[in-house]
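Going line by line, the protein sequences match chains A and B.
At position 172 of the first sequence (counting the first as 1) the number is 172 in my numbering, and the numbers step up by one without a gap.
My numbering runs 1000 ahead of the 1-based position in the second sequence.
2 protein chains.
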Amino acid sequence: MYFPPMTHTATKTPAHPARGDARLALLDAALALVRRQGWAATSIDQLCRTAGVTKGAFFHYFESKEALGVAAAHRWTEVTTPLFENAAYHRHADPLARILGYLDFRVAIVQGPLEAFTCFAGTTVQETYAASEAIRSACGACITDHAARLEEDFEAALRKYRPRAAVTAESLALYTQTVLQGGFVLAKAKGNAGPLLDGIAHLKRYLQFLFKARSTS
Amino acid sequence: MYFPPMTHTATKTPAHPARGDARLALLDAALALVRRQGWAATSIDQLCRTAGVTKGAFFHYFESKEALGVAAAHRWTEVTTPLFENAAYHRHADPLARILGYLDFRVAIVQGPLEAFTCFAGTTVQETYAASEAIRSACGACITDHAARLEEDFEAALRKYRPRAAVTAESLALYTQTVLQGGFVLAKAKGNAGPLLDGIAHLKRYLQFLFKARSTS
DNA sequence: TGACACATACCTACCGGTTGGTATGTACTT
DNA sequence: AAGTACATACCAACCGGTAGGTATGTGTCA
C-alpha cells in the first residue's frame, strides 16, 4: 500500500469525537502520525491527544500498542483500496494501458508534504519486522493485497503481448511496489518527491520495453 | 548506501573495549541495532550495553542521540565505501558490464538475516526525515554519495551506447538505489530476500533494454 | 629522570519527564 | 438493569540527558 489521504473519512478529527468514533479517530491518528514520525516515535499518549480521546478509550479498543498497529494496517488497506478502485484508469480496455494509467495516477497523487503520499505499511514494517511478527505480516498483507490487484492486469498484459522475457505477473506487480517504496525512501532522503517521480518514469519505460517488444508499435 | 557488514572493522565488539575504542564501539553498535530495530526503538542505554561502555562514555563523544545518528551515517559510508571499492566488478573495461557487475555484487552479498544486508541510511531516514534535518541530510548524503560512484559508470555507458531514450546518468544511478531501497522494504514486509533479488533482476533487464537497444548485440 | 600540570577518556549516580499499561469509576444506550 | 463506551488516576520501568568524580595518559621543565 502506498498512497493515502491525510484527510480522513471522518473529514476532520474533532477535539472530542462523538461516542462510538474513538476507535476510528485513533486509527486515523495513527496513520497520520506514523507516516510523519515513524512507529516507535509515535506514543499512545500522542495518539490519544491527536484523536481527542483518553487512554481509557485507547485500551478499551486495543489491548496493546501492537494491536493498534495491526488494526491500523487493516485500516490503511480499507482507506486506500477504494481510492484506487474508483480511479479512472480502470476504464482502459488494454491491460497495459491500465497499468500505465495506475502509474500515472500515482504521479497525480504526489502532492503536498511527503507524509501525504508515502506509505504507512512500508514505513511501519521497516521498524517492526524483527520486533513484531503480527505487525510485520499485517503490513506485508497491505502491500501484497495491493499488488494483487495489479497482478490481474499484468496477467492479462502478459497473455496479450507475450513478451520474450520470462517474467511472471506476480513478480512484475511486486516490482512496481518495490519501485514505489524505494521512491518513498529516496524522496524522504532527498527531501522532495523528485526521485519518486523519476523512479516511476523509469518503471514505465521498462514496462514499455518489456511489452512493446512484440506489440503493435 | 545499502549493504553492510554486520561484523565490524574491530572484528567483534568486546564486553569492554580498550581505552579509546568506545566511540567506534558505539557507532558500530548503532549500525547493528538500528538496522534491526529502527532508530527510535534503539535507546542510548541499549547502545551502551551493546558497546560495553557506560552512558558517561556516550556523552563524552556525542552531545546527543541526534549527534550519534549523524556520526553513524558517516560511519556507514566509511564502512561500506571500501566494500564496494574493492569489489572485482570494477575491473570490467565496459562501463555497462561494471554496472551489471555492481548489481551482481549486490546479489552476492544478500546473505544471512535481513539486518545483515539492509541499509542503515534508508532505515534511519524513513523515521527521522521530519524530525531531524541533521540526520536526514547525513543519511541523504550516504545514499547520494554512493549513487555518485555509479553515476560515473552510467555517464560512460551513456556515451558509449547512446541509447534512444533521454535519460541522465544521475537519474539512472538514483534509480538503482530506488530499486535497492524498495527491495529492502519489500524483503522486510515479506520476511525474505526474494523481492529484493527479483527487483535487481528486473532492473538488470531494464538496463539491458535501455543500452542494448543500439548496442552490438 | 622525575615530578608536576593538564587533558583525555571514561564511570557512577542521579534527574525530571515520558513510556506502555492497569485499575477503577461513571455516563450513556438499549 | 446491564452492557458498552468511555474518563480519571495511577504505576513501575525506562527515556534522554546531566553532574561530578576517577583513571590514564602526555607534554614540560628542572
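Glycine included, C-beta positions come from ideal geometry on N, C-alpha and C.
8 Å Cβ cut-off: residues of chain B touching residue i
i	result
residue 57 (chain A)	Chain B residues near residue 57 (chain A): none, gap ~24 Å exceeds 8 Å.
residue 136 (chain A)	1188, 1189, 1191
residue 23 (chain A)	Within chain B, no residue comes near residue 23 (chain A); the closest Cβ sits about 25 Å away, beyond 8 Å.
residue 60 (chain A)	Within chain B, no residue comes near residue 60 (chain A); the closest Cβ sits about 26 Å away, beyond 8 Å.
Candidates the options, of which the one nearest residue i by Cα
i	options	result
residue 51 (chain A)	A:27, A:64, A:41, A:61	A:27
residue 144 (chain A)	A:88, A:45, A:58, A:169	A:169
residue 167 (chain A)	A:24, A:181, A:146, A:207	A:207
residue 1020 (chain B)	B:1044, B:1053, B:1033, B:1045	B:1053
residue 177 (chain A)	A:92, A:149, A:190	A:149
residue 1022 (chain B)	B:1032, B:1196, B:1060	B:1060
residue 104 (chain A)	A:92, A:171, A:114	A:92
residue 65 (chain A)	A:110, A:47, A:193	A:47
residue 190 (chain A)	B:1063, B:1142, B:1180, B:1118	B:1142
residue 182 (chain A)	A:196, A:171, A:69, A:192	A:196
residue 1192 (chain B)	B:1089, B:1081, B:1112	B:1112
residue 172 (chain A)	A:146, A:194, A:184	A:146
residue 58 (chain A)	A:75, A:33, A:24	A:24
residue 1016 (chain B)	B:1033, B:1044, B:1045, B:1049	B:1049
residue 1076 (chain B)	B:1202, B:1131, B:1209, B:1033	B:1033
residue 1154 (chain B)	B:1090, B:1194, B:1188, B:1067	B:1090
residue 131 (chain A)	B:1056, B:1188, B:1194	B:1188
residue 1094 (chain B)	B:1152, B:1044, B:1078	B:1152
residue 88 (chain A)	A:69, A:108, A:78	A:108
residue 69 (chain A)	A:29, A:205, A:56	A:29
Inter-residue CB distance, residue i and residue j (contact presumed, cutoff 8 Å)
i	j	result
residue 198 (chain A)	residue 1174 (chain B)	6 Å
residue 1115 (chain B)	residue 1035 (chain B)	4 Å
residue 1031 (chain B)	residue 1117 (chain B)	Contact doesn't hold; Cβ gap of about 13 Å is too wide.
residue 1083 (chain B)	residue 1211 (chain B)	Not a contact, Cβ separation roughly 26 Å.
residue 106 (chain A)	residue 200 (chain A)	6 Å
residue 73 (chain A)	residue 139 (chain A)	5 Å
residue 1184 (chain B)	residue 1101 (chain B)	No, residue 1184 (chain B) and residue 1101 (chain B) are not in contact; Cβ-Cβ is about 21 Å, not under 8 Å.
residue 179 (chain A)	residue 1179 (chain B)	6 Å
residue 218 (chain A)	residue 1209 (chain B)	Past the edges of chain A, shown from 1 to 217, lies residue 218 (chain A), and the structure says nothing about it.
Contacts of residue i in chain B (Cβ-Cβ under 7 Å)
i	result
residue 178 (chain A)	1179, 1182, 1183, 1186, 1195, 1199
residue 171 (chain A)	1198
residue 123 (chain A)	1126
residue 205 (chain A)	1165
residue 174 (chain A)	1186, 1195, 1198
Residues that residue i contacts on chain A, provided the C-beta gap is smaller than 7 Å
i	result
residue 1085 (chain B)	Ordered by position in chain A, no residue passes the 7 Å Cβ test against residue 1085 (chain B), which lies about 22 Å from the chain.
residue 1046 (chain B)	Simply none; closest approach about 12 Å.
residue 1040 (chain B)	38, 40, 41
residue 1211 (chain B)	Within 7 Å Cβ-Cβ: nothing; residue 1211 (chain B) doesn't reach chain A, min ~11 Å.
Proximal chain A residues relative to residue i, where beta-carbon distance stays under 8 Å
i	result
residue 1115 (chain B)	130
residue 1111 (chain B)	Within chain A, no residue comes near residue 1111 (chain B); the closest Cβ sits about 17 Å away, beyond 8 Å.
residue 1120 (chain B)	Ordered by position in chain A, no residue passes the 8 Å Cβ test against residue 1120 (chain B), which lies about 12 Å from the chain.
residue 1146 (chain B)	None at all; the shortest Cβ gap to chain A is about 11 Å.
Residue i: contacting residues in chain B (beta-carbon distance under 9 Å)
i	result
residue 139 (chain A)	1188, 1189
residue 154 (chain A)	Residues of chain B passing the Cβ test: none, with the nearest at roughly 12 Å.
residue 92 (chain A)	The premise fails here: residue 92 (chain A) is roughly 23 Å from chain B at the closest Cβ pair, so nothing lies under 9 Å.
Proximal chain A residues relative to residue i, where beta-carbon distance stays under 9 Å
i	result
residue 1099 (chain B)	Residues of chain A passing the Cβ test: none, with the nearest at roughly 14 Å.
residue 1074 (chain B)	In chain order: nothing, as chain A lies at least about 15 Å away.
- Query: How about the segment 123-142 of chain A and the segment 1157-1164 of chain B: do they share at least three Cβ pairs that are nearer than 8 Å?
  - Reply: No, because fewer than three Cβ pairs between the segment 123-142 of chain A and the segment 1157-1164 of chain B fall closer than 8 Å, the two stretches do not touch.
- Message: Three Cβ pairs or more, each shorter than 8 Å: is that satisfied between the segment 35-51 of chain A and the segment 112-131 of chain A?
- Response: Output reads yes: the segment 112-131 of chain A touches the segment 35-51 of chain A.
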